[in-house]
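Q: In this note's numbering, the protein residues as written are 6 to 284.
Quick one: the structure is below, questions incoming.
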Ligand SMILES: C[S@@+](CC[C@H](N)C(=O)[O-])C[C@H]1O[C@@H](n2cnc3c(N)ncnc32)[C@H](O)[C@@H]1O
């Protein structure tokens with residue numbers, strides 16, 4: 006085992022350093038993620054069903070009409086898309102995980118729902134004035150690096166009809182120090198990261214100057230392979246977010262603190278603010 010290399014890779018990452026591997030599109034990990042997504046009690050990949058139902062009711066109040074065209078970015082296995090389709094909307098779901106999109110599409114066919122799923126990167130969308138609402142739910146906005154965030158917002162703005170709504174949820178600054186994940190390790194014969202033996206070293210970091218947390222996972226495989234996964238997670242104060250949205254042309258940004266209940270781990274109503282912004 007090349008301990009020196011592991012030591013180097015487990016140092017605090019430079020701001021916005023990329024890991025060597027991408028979790029969402031890895032063929033093995035994306036299957037583990039799908040299991041988590043569709044487990045109704047588990048909150049780690051998608052929120053629990055009770056919370057999703059509550060969020061859909063809140064989204065319905067915001068859009069306040071039926072038969073709309075809605076775009077669900079990072080739709081995963083379609084938990085929100087299906088519920089919106091059942092409410093009479095025509096939904097397009099976009100996700101770059103082939104595993105999730107295939108599952109979502111098979112569910113939509115089985116349930117005869119009006120949903121189009123696209124296996125695409127939402128950084129590369131070219132929709133124009135097509136949607137009444139675009140949703141980006143479960144903190145995906147926070148994981149975008151600044152240049153990616155700009156691109157996604159430009160894509161969303163272009164995709165919306167005039168007066169259309171962009172709805173997203175973000176981590177706020179409250180008690181952020183408590184959200185830095187502690188250092189930990191895992192030794193497994195087979196598990197979330199690999200279907201063969203591995204050691205995973207995990208540590209969280211805070212970069213207050215950029216208002217971002219990083220979760221770093223170093224996964225060491227049997228043949229001394231080392232994969233690093235780094236997740237950047239921004240937190241936003243309202244003024245910062247309004248400024249970013251306005252710089253892309255959005256107006257009338259409203260924030261909602263009470264969409265999620267106050268309790269629940271790791272993120273709950275205390276830490277998550279929902280935003281609705283208009284084109
Ligand atoms: C935290 S999950 C949330 C899934 C879904 N919104 C939910 O709450 O059930 C994030 C999803 O976004 C997808 N994703 C992340 N980055 C993406 C990108 N650049 N383009 C398309 N999909 C992306 C992932 O594959 C994953 O399905």
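Ideal Cβ positions, reconstructed from N, Cα and C, are used throughout, including at glycine.
Quick caveat: nothing in here was measured; it's all calculated off a predicted structure.
Start and end of the beta strand (DSSP E) containing residue 138?
A: Its beta strand (DSSP E) spans residues 136 to 141.
Q: Take residue 133 and list the residues in its own chain whose beta-carbon comes closer than 6 Å to its own, dropping the five residues that flank it on each side.
A: Same-chain partners within the cutoff: 163.
Q: Shortest alpha-carbon distance to residue 138 belongs to which of 114, 111 and 171?
A: With distances taken between Cα atoms, residue 138 lies closest to 171.
Q: Let me know the secondary structure DSSP gives residue 190 once reduced to three states.
A: Three-state DSSP puts residue 190 in a strand.
Q: Quick one: what's residue 173 bridged to in DSSP?
A: Partner(s): 141 and 280.
Q: Based on DSSP bridge pairs, tell me the residues matched to residue 217.
A: Beta-bridge pairing links residue 217 to 212 and 239.
Q: In terms of residue numbering, what span does the alpha helix (DSSP H) encompassing residue 268 cover?
A: No alpha helix (DSSP H) contains residue 268, which DSSP labels as neither H nor E.
Q: Shortest alpha-carbon distance to residue 209 belongs to which of 11, 10 and 16?
A: The option with the nearest alpha carbon to residue 209 is 16.
Q: Should residue 29 be counted as a contact of ligand 1 given a C-beta to heavy atom distance under 8 Å?
A: Checking the Cβ of residue 29 against ligand 1 gives yes.
Q: Helix, strand or coil for residue 111 per DSSP?
A: Residue 111 falls in the helix class under three-state DSSP.
Q: Please name the residue in 63, 38 and 232 whose C-alpha comes closest to that of residue 51.
A: Measuring from the Cα of residue 51, the nearest candidate turns out to be 38.
Q: Using 8 Å as the Cβ pair cut-off and three pairs as the minimum, do the segment 120 to 132 and the segment 93 to 112 touch?
A: Flag = yes, the segment 120 to 132 and the segment 93 to 112 touch.
Q: From the DSSP output, in three-state form, read off residue 205 for me.
A: Of the three classes helix, strand and coil, the one that applies to residue 205 here is strand, per DSSP.
Q: Is residue 120 helix, strand or coil when you go by DSSP?
A: Strand, per DSSP.
Q: Is residue 221 buried or exposed, if buried means 16 or more other CB atoms sit within 10 Å of its CB?
A: By the 10 Å Cβ count, residue 221 comes out buried.
Q: Compute the minimum distance between the beta carbon of residue 76 and the heavy atoms of ligand 1, and state whether it is under 8 Å.
A: Residue 76 Cβ: outside cutoff for every heavy atom of ligand 1.
Q: For residue 91 and chain C, any beta-carbon pair shorter than 9 Å?
A: In the structure shown, chain C does not exist; there is a single protein chain.
Q: Does the Cβ of residue 267 have 16 or more other Cβ atoms within 10 Å, making it buried, or fewer, making it exposed?
A: Exposed: under 16 other Cβ atoms inside 10 Å.
Q: Quick one: using the 10 Å Cβ neighbour count with 16 as the cut-off for buried, is residue 198 buried or exposed?
A: Its Cβ being crowded by 16 or more others within 10 Å, residue 198 is buried.
Q: Write down every uninterrupted run of the beta strand (DSSP E) in the segment 6 to 84 whose length is 3 residues or greater and which is fully enclosed by it, in chain order.
A: Runs of the beta strand (DSSP E) inside the segment 6 to 84: 74 to 78.
Q: Have a look at residue 30 and residue 42 and give me their C-alpha separation to the nearest angstrom.
A: Cα to Cα, the separation comes out at about 14 Å.
Q: For residue 95, does the three-state DSSP call read helix, strand or coil?
A: Of the three classes helix, strand and coil, the one that applies to residue 95 here is strand, per DSSP.
Q: Just to confirm, does residue 110 get its C-beta within under 8 Å of one of the non-hydrogen atoms of ligand 3?
A: The ligand content of the structure shown is limited to ligand 1, which means ligand 3 is not among them.
Q: Taking a contact to mean a Cβ-Cβ separation below 9 Å, would you say residue 239 touches residue 149 in this structure?
A: Closer than 9 Å, so yes.
Q: Using 8 Å as the cut-off, can you tell me whether the segment 107 to 117 makes contact with the segment 11 to 25, which would need three or more C-beta pairs spanning the two stretches below that distance?
A: Judged by Cβ distances under 8 Å, the segment 107 to 117 makes no contact with the segment 11 to 25, as fewer than three pairs qualify.
Q: What would DSSP say about residue 258, mapped onto helix, strand or coil?
A: Residue 258: strand per DSSP, three-state reduction.
Q: Spell out a yes or no on whether the segment 228 to 236 and the segment 22 to 36 are touching, meaning 3 or more CB-CB pairs, one atom from each, closer than 8 Å.
A: Flag = yes, the segment 228 to 236 and the segment 22 to 36 touch.
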